[in-house]
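Chains as they are written, first to last, in my numbering: chain Y, 34 to 138; chain C, 34 to 138.
Backbone N, C-alpha and C define an ideal beta-carbon position, used for all residues, glycine too.
This report refers to the structure that appears directly beneath it.
Number of protein chains: 2
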Amino acid sequence: MASEAKLSHTAAMILQAIHAGFVYGFSIMEMTGLPSGTVYPAMRRLERDELIRSHWENQAIADADQRPPRKYYKITAAGRTTLEASRKRYPLLERLIPTEEAKSV
Amino acid sequence: MASEAKLSHTAAMILQAIHAGFVYGFSIMEMTGLPSGTVYPAMRRLERDELIRSHWENQAIADADQRPPRKYYKITAAGRTTLEASRKRYPLLERLIPTEEAKSV
DNA sequence: CCTTGTCAAGTAGCTTTCTACATAGGGTAG
DNA sequence: CTACCCTATGTAGAAAGCTACTTGACAAGG
Chain Y
34 MASEAKLSHT AAMILQAIHA GFVYGFSIME MTGLPSGTVY PAMRRLERDE
84 LIRSHWENQA IADADQRPPR KYYKITAAGR TTLEASRKRY PLLERLIPTE
134 EAKSV
Chain C
34 MASEAKLSHT AAMILQAIHA GFVYGFSIME MTGLPSGTVY PAMRRLERDE
84 LIRSHWENQA IADADQRPPR KYYKITAAGR TTLEASRKRY PLLERLIPTE
134 EAKSV
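Here you go:
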């Protein structure tokens, strides 16, 4: 996967969502309407391909908020490059989930 | 499939595209960026489930335009009902492909 | 002529997505 | 204290999607 790993529409949407600040699985499920059985395996593949990276939330924070700990994701440099390419392939994607930059314009 | 056949995200996107006036396979490929191997089988399933209906373009029209004949699709009443339900499930869908009604607002 | 290009639809076989269910802690309602 | 809902992640097996290729007709270029 030297340069650009081609993404499916769903994978691109998930990557775009992470880029836009929906940084854990459940939030992506809610905002996209995609089921857990799509989102979690897809994120594992994105991480396997090093387009995103993850770390578990501190248990103390989860306890304080009275909910299960979240697995937070962030996009890597390679992920940003691939997302850029996917935006060209799926022109509708940009419209879907506005990024911070897009919002401020 | 008495009432609401549940649609995948991709199937919903294709149905929405047809509803929005992209009425043959190739135009849907171009506007969504989805490959032919996704679009044509998906449309066959939509037709099998009677959410859309198809008819071949008159050969004379294709000849006059110097291109292969198109297979035109249109959404059925059941299709509109299912699409309505899918819009609730996939909140991003409405933003993807604006319908005639949405455009005029 | 013959190769290359474009539009349009289609298929085989591998990969991804979806449905349905599981796990687990906490809250709340009876 | 049992039953059920909410957040959050996860899995197995069936269904659907994706890559690469094919068909076919017509146009353009050499």
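C-alpha gap between C:Leu40 and C:Leu84, whole angstroms: Against the second sequence, residue 40 of chain C aligns to sequence position 7. Against the second sequence, residue 84 of chain C aligns to sequence position 51. Straight-line Cα distance between these residues: approximately 11 Å.
Sub-7 Å separation of Y:Val72 and Y:Tyr106 beta-carbons: By one-based count along the first sequence, residue 72 of chain Y stands at place 39. By one-based count along the first sequence, residue 106 of chain Y stands at place 73. Contact flag unset, no.
Chain Y contact for C:Leu48 (CB, 7 Å cutoff): Translated into positions along the second sequence, residue 48 of chain C becomes position 15. Not an interface residue.
CB contact check: C:Lys136 to chain Y, cutoff 7 Å: Start at 1 with the first residue of the second sequence, and residue 136 of chain C comes out as number 103. Reliability fails at C:Lys136, whose pLDDT of 45 lies under 50, so the model's placement of it is uncertain and no value is given.
Through-space distance from Y:Ala75 to C:Met64, alpha-carbon basis: Position 31 of the second sequence, counted from the first residue, corresponds to residue 64 of chain C. Position 42 of the first sequence, counted from the first residue, corresponds to residue 75 of chain Y. About 24 Å.
Sequence-distant residues of the same chain with beta carbon closer than 8 Å to C:Ile47, five excluded per side: Taking the second sequence and counting its residues from 1, the one referred to as residue 47 of chain C is at position 14. Closer than 8 Å at Cβ, skipping near neighbours: Ile61, Thr65, Leu67, Val72, Ala75, Met76 and Leu79.
Under 7 Å between C-beta atoms of C:Arg86 and C:Thr109: Counting from one through the second sequence, the residue named residue 86 of chain C turns up at place 53. Counting from one through the second sequence, the residue named residue 109 of chain C turns up at place 76. Cβ distance < 7 Å, so C:Arg86 and C:Thr109 count as in contact.
DSSP beta-bridge partners of C:Ser87: Walking along the second sequence from the start, residue 87 of chain C turns up at place 54. According to DSSP, C:Ser87 bridges with C:Tyr106.
Spatial distance of C:Gln92 from C:Ala44 (CA atoms): What you label residue 92 of chain C is simply residue 59 of the second sequence in a count that begins at 1. What you label residue 44 of chain C is simply residue 11 of the second sequence in a count that begins at 1. Computed Cα separation, rounded: 29 Å.
Rounded distance between the beta-carbons of C:His42 and C:Leu116, thought under 8 Å: As a working note, residue 116 of chain C is residue 83 in the second sequence. As a working note, residue 42 of chain C is residue 9 in the second sequence. Not really, about 13 Å apart at Cβ, beyond 8 Å.
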